[in-house]
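Below is one structure, written out as structure tokens; comments come after it.
Residue numbers (full-length UniProt numbering): 1 to 287.
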């Protein structure tokens with residue numbers, strides 16, 4: 001089976017990164033049929049050799065050389081659907097933490113969020129606890145939070161480039177619907193799903209309505225979006241940073257953990273720790 005290994009430097013190649021990886025493969029009798037330098041910090045290495053046994057060595061190589069190595073089949077590399085988490089992925093913020101700061105319960109909510117993202121606390125239970133702490137906050141909080149949001153570097157470029165290649169785009173978030181709707185409009189996404197918070201028109205009630213967007217729901221939504229677009233889940237890529245993103249990575253054709261927690265990096269199909277989210281574009285074989 002033909003395989004591509006994408007080498008991604010944090011910022012720019014310093015001179016020997018490509019030669020070093022070529023030497024790594026040569027030492028292990030791996031025949032590289034082609035090396036394609038994509039830009040100043042990304043290069044593809046193509047091979048027909050079997051690489052699964054090298055997974056532990058790839059992990060060591062990443063850590064030692066401070067680079068990303070993304071290994072995947074060349075077949076079906078160019079996905080037609082990209083599904084993103086929002087908090088700490090498309091944006092650098094955790095929106096519920098911003099809301100909690102306004103309510104004066106920032107430390108309590110942040111502690112619960114961290115445990116959930118580490119996979120040490122059930123997401124639905126943690127969401128219920130966090131949302132309850134937001135009871136009584138004016139609904140104007142959504143506008144205030146949006147004003148504080150900062151997009152992750154490369155988010156706008158990535159979405160524009162994927163759209164140019166006719167890739168459908170979705171955000172599936174454990175956050176809140178008014179905020180993902182804003183992100184959808186800002187980036188020109190095709191779909192946006194998140195949790196709905198109950199309010200009386202003036203203040204939040206401290207409870208959710210409808211289905212909870214946890215890990216299993218993210219996976220289900222990916223399947224639903226793919227079906228609506230006439231695609232299979234294998235034609236999708238899932239990108240996120242938390243343990244609740246692993247289920248959708250598991251059902252997608254490929255998954256990318258973006259600056260993720262150690263547990264997520266270990267279990268995800270691949271990881272990306274570079275400066276720009278736009279590097280997802282090159283992992284998918286687009287430019």
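Note that beta-carbon positions come from the ideal geometry of N, C-alpha and C, so glycine has one too.
Given the structure is predicted, the values throughout are model-derived calculations rather than measurements.
About 23 angstroms separates the Cβ atoms of residue 225 and residue 70, ruling out a contact at the 8 angstroms cut-off. With 16 or more other Cβ atoms inside 10 Å of its own Cβ, residue 197 counts as buried. Per DSSP, reduced to three states, the secondary structure at residue 37 is strand.
Relative to the Cα of residue 180, the nearest Cα in the group 106, 204, 157 and 83 belongs to 83.
A direct Cα-Cα distance of roughly 10 angstroms separates residue 148 from residue 92. Setting aside the 5 residues that flank it on each side, residue 235 is surrounded in the same chain by 76, 79, 80, 81, 226 and 253, each with a C-beta closer than 8 angstroms to its C-beta; the list follows chain order. The alpha-carbon separation between residue 122 and residue 28 amounts to approximately 42 angstroms. Residue 184 is classed as buried because its beta carbon has at least 16 other beta carbons within 10 Å across all chains shown. Across the structure, residue 18 and residue 10 are spaced so that their CA atoms are roughly 14 angstroms apart. Taking a 10 Å sphere around the C-beta of residue 45, we find 16 or more other C-beta atoms and assign the residue as buried. As DSSP reads the structure, residue 55 sits in no beta bridge. In terms of Cβ geometry, residue 116 and residue 242 form a close pair [threshold 9 angstroms]. Counted as a single uninterrupted DSSP element, the beta strand (DSSP E) harbouring residue 73 occupies residues 67-73. Three or more beta-carbon pairs separated by less than 8 angstroms link the segment 163-171 to the segment 186-193, which places the two stretches in contact. DSSP, reduced to helix, strand and coil, places residue 102 within a helical segment of the structure shown.
In the structure shown, the three-state DSSP call for residue 191 is strand.
Nearest neighbour of residue 286 by Cα position, chosen from 49, 43 and 143, turns out to be 43. Between residue 96 and residue 85, the gap from beta carbon to beta carbon reaches 9 angstroms or more.
Shown here for residue 259: same chain residues with a beta carbon closer than 8 angstroms to its own, the five before and five after excluded, namely 88, 241, 272 and 273 in chain order. Here the alpha carbons of residue 152 and residue 206 stand approximately 29 angstroms from one another. Straight-line spacing of the CA atoms in residue 20 and residue 138 works out to 56 angstroms. Closest in alpha carbon position to residue 141, among 195, 248, 127 and 98, is 98.
In the structure shown, the three-state DSSP call for residue 108 is helix. According to the DSSP secondary-structure assignment, residue 271 is paired through a beta bridge with 257. Here residue 6 is bridged, per DSSP, to 44 and 70.
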